[in-house]
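Number of protein chains: 2
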Amino acid sequence: MQKSFAFDIIATDGAARSAVLATPHGSIETPCFMPVGTRATIKTLSPRDLEETGARIVLANAYHLHFRPGAGLVERQGGLHRFMSWERPILTDSGGFQVFSLGDTAVIRGDGVQFRSLYDGSLHFFTPEMAIRVQEQLGADIIMCFDECPPAGAGAGYLKAAVDRTARWAARSRAVHSRRDQLLMGIVQGGTDPRLRRQSVELTVETGFGGYAIGGLSVGEERSAMIDTMTYTADLLPADKPRYFMGLGDPAGMLEAIAAGIDMFDCVLPTRVARNGGAFTSGGKINMRNAGHSEDDGPVDPECRCYACLNFSRAYIRHLVTQKEILGLHLLTLHNVTFLIDLVRRAREAIERGRFHEFKSSAPPAY
Amino acid sequence: MQKSFAFDIIATDGAARSAVLATPHGSIETPCFMPVGTRATIKTLSPRDLEETGARIVLANAYHLHFRPGAGLVERQGGLHRFMSWERPILTDSGGFQVFSLGDTAVIRGDGVQFRSLYDGSLHFFTPEMAIRVQEQLGADIIMCFDECPPAGAGAGYLKAAVDRTARWAARSRAVHSRRDQLLMGIVQGGTDPRLRRQSVELTVETGFGGYAIGGLSVGEERSAMIDTMTYTADLLPADKPRYFMGLGDPAGMLEAIAAGIDMFDCVLPTRVARNGGAFTSGGKINMRNAGHSEDDGPVDPECRCYACLNFSRAYIRHLVTQKEILGLHLLTLHNVTFLIDLVRRAREAIERGRFHEFKSSAPPAY
């Protein structure tokens, strides 16, 4: 791994750890939550809003950007950082998850996968090499191998095939990756089967990456199976490399994952919850559409210091949300992203004080 | 008029004038453009965004707020300023325009008008006294008399009846208005008929108000008739009181109106243009959806200093707009509002330098 991607562990508390990951666009303190900017924008938030939430790295989707506006266009515009005016680190996913989950049109053919575009239904063929090429054009600091992510409940044969294919694709991804200013991460699959997870870890670590992601969880399986599998898998991964749990973002789930030694998270949850009028609070999740908030002149969360909570009442935000005013969606998204980032930041501080277990026990109720 | 609403003319240039209108929430420099916050929010903009556009007064709609969330609720929340977290001046319109223009259900009955709510179709009866009561509850700094606004092309009999009724309603509005911290403005009607406009001015001035609005224009009539009528009417209005042209906001139209001695404007145009992917620029209006912008790394308007123009390319904004991303709508709205406010501010400066005519001649092409 290049020196610019040094991963320094600052403190540990049980399996939980706080660390710093260096990237060409600055260092990231972990554990960290990465807001998702599918189409090179975190829904309703400008880069200065994002900065204010405490976000220090964001995620964008190679699949979506490949189709709109095109990775070549982004490259000609100077890369993703300049395109979206975000000068801090960016991670792109490879598109594997989208190819296999959107529209149910993926068919493995030869050395790649054929699928129909979500945008216009046209036929496309994608390979691990192409996924790396697209991500090199986009120019994120951290990029992901192209993987096969089976749905929850997939049979043992399917899961095993996906583990093997993901490992072969990982080796091919690594072989063609040439940008030295990008950290390439491998992805571990295997559903909720410990034996397959172990095999997937061994195969992926054998190829060797600057970081490892746990994929194929938080896709619909039982919560206890998710936590057990994550805990089991995290423990198998190299301790000296960042560990990333893809697609997890609920407060209680992230705390479990941090306890298991996970360093990075991403999830569309704060935006999606906001779209449904929901807000995370220190007392649990609330629905701002509820008539009970209509005359409430207090903030969404009295413990929060975000712009929404410092300046607006629940009564006003309920009015905006029920009238479908975009400002309501914006304020709730700003709050929810701030809430999750703040939670993970406080988890980090607790690890450094050796009090993560107490922090986890006193954390907000499960969502 | 209360001392707190002093209207001081600073400079004149022909009929154009620059002035300062004092209100309980601070002074407004005129000519001024007021962004429209129909439901107590200027679409996609937070109060801090608005502050940054240069907006110093915003408009909200009594009609909409009466139905959602209710004027009583806003009053219990401490009034409109606190509710929407905007500590500068606010103007509310009376709801007259909405009652007569939305849904075509208005019927004059006795001393008021019966109509169906746009929200749920329920039957309502509104009087001038109720419109004042609602606006007193909302608590804006400047409020409007309840008027009858006929559509463009209304016959002479209808126009005459509306002029008389609007004058009677103005007298009744004034008689019941009790809040000393609000400036009540009268509204002049009369379509494009100079004789009716003169009658309307005489009747309204006879009652006497702290400011006068020109209503019933920019509702679909020929542009030349609009400009002629506006110019004729503005000249009849008292020179020592603010003059407000309701519903006008296109750049060329505002400059004509300023030349005629108008001081205040409001319009949904910057938001509506943004919703259609349009942007005002120093070179004329452009449509950001056009494929010609897809690889353009320059700003929307190189002469603009707004956050959108300083940080994002046309290529990125086109991507956002074509992908229906809210950030695109937000950035275009921020830019368009800034553009109009900046135009009117520069008109004011030109008046003070005695060069308004040159400024008007060199202004952006008609839109």
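Protein chains in written order, with the numbering used here: chain A, 193 to 559; chain B, 193 to 559. Yeah, the Cβ is synthetic: ideal placement off N, Cα and C, and Gly gets one too.
Between which two residues does the beta strand (DSSP E) carrying residue i extend?
i	result
residue 376 (chain B)	375-380
residue 536 (chain A)	Element bounds for residue 536 (chain A): not the beta strand (DSSP E) but the alpha helix (DSSP H), 518-544.
residue 212 (chain A)	208-213
residue 251 (chain B)	250-253
residue 547 (chain B)	Per DSSP, residue 547 (chain B) belongs to no beta strand (DSSP E) and is neither H nor E.
Residues bridged to residue i by DSSP?
i	result
residue 458 (chain A)	A:226
residue 508 (chain A)	None; residue 508 (chain A) has no bridge partner.
residue 308 (chain A)	A:315
residue 479 (chain A)	A:470
residue 197 (chain A)	Beta-bridge pairing links residue 197 (chain A) to no other residue.
residue 406 (chain A)	A:380, A:437
residue 205 (chain B)	B:208
Any idea what DSSP makes of residue i, helix, strand or coil?
i	result
residue 497 (chain B)	coil
residue 315 (chain B)	strand
residue 288 (chain A)	helix
residue 296 (chain A)	coil
residue 331 (chain A)	coil
residue 283 (chain A)	strand
residue 219 (chain B)	strand
residue 401 (chain B)	coil
residue 489 (chain B)	coil
residue 427 (chain B)	helix
residue 231 (chain A)	coil
residue 301 (chain B)	strand
residue 237 (chain A)	coil
residue 260 (chain B)	coil
residue 417 (chain A)	helix
residue 484 (chain B)	helix
residue 555 (chain A)	coil
residue 411 (chain B)	coil
residue 392 (chain B)	helix
As a quick exercise: from the options, pick the residue whose alpha carbon is nearest that of residue i.
i	options	result
residue 275 (chain B)	B:257, B:286, B:287	B:257
residue 263 (chain A)	A:555, A:286, A:395	A:286
residue 293 (chain B)	B:344, B:312, B:218	B:344
residue 358 (chain A)	A:373, A:406, A:375	A:406
residue 301 (chain A)	A:311, A:312, A:317	A:317
residue 253 (chain B)	B:413, B:412, B:338	B:338
residue 423 (chain B)	B:442, B:232, B:208	B:208
residue 360 (chain A)	A:304, A:521, A:516	A:304
residue 444 (chain B)	B:395, B:376, B:429, B:539	B:539
residue 516 (chain B)	B:492, B:480, B:551	B:480
residue 197 (chain B)	B:373, B:210, B:551, B:526	B:373
residue 430 (chain B)	B:390, B:412, B:244, B:417	B:390
residue 234 (chain B)	B:364, B:398, B:466	B:466
residue 526 (chain A)	A:277, A:216, A:243	A:243
residue 378 (chain B)	B:313, B:222, B:436, B:417	B:436
residue 288 (chain B)	B:541, B:335, B:227, B:521	B:335
For chain A, is any of its Cβ atoms less than 9 Å away from the one on residue i?
i	result
residue 231 (chain B)	yes
residue 344 (chain B)	no
residue 507 (chain B)	yes
residue 290 (chain B)	no
residue 193 (chain B)	At residue 193 (chain B) the pLDDT is 48, less than 50, meaning the model places this residue with poor confidence; the figure from the coordinates comes in the next sentence. Chain A, which has no Cβ nearer than 9 Å to the Cβ of residue 193 (chain B), makes this no.
residue 276 (chain B)	yes
residue 486 (chain B)	yes
Locate the alpha helix (DSSP H) running through residue i, then write down its first and last residues.
i	result
residue 450 (chain A)	443-451
residue 339 (chain A)	It is not in any alpha helix (DSSP H) - residue 339 (chain A) carries neither H nor E in the DSSP assignment.
residue 617 (chain B)	Outside the displayed span of chain B (193 to 559) sits residue 617 (chain B), for which this structure offers no information.
residue 268 (chain B)	263-268
residue 371 (chain A)	Counting along the chain, residue 371 (chain A) falls outside any alpha helix (DSSP H), and DSSP gives it neither H nor E.
Does the CB of residue i have a neighbour CB from chain B at under 9 Å?
i	result
residue 480 (chain A)	no
residue 270 (chain A)	yes
residue 245 (chain A)	no
residue 236 (chain A)	yes
residue 267 (chain A)	no
residue 255 (chain A)	no
residue 530 (chain A)	no
residue 327 (chain A)	no
residue 514 (chain A)	yes
residue 227 (chain A)	no
With hydrogens ignored, establish whether the beta-carbon of residue i is closer than 8 Å to any heavy atom of the ligand FMN.
i	result
residue 504 (chain A)	As presented, the structure is devoid of all ligands, the ligand FMN included, so that no description of it is given.
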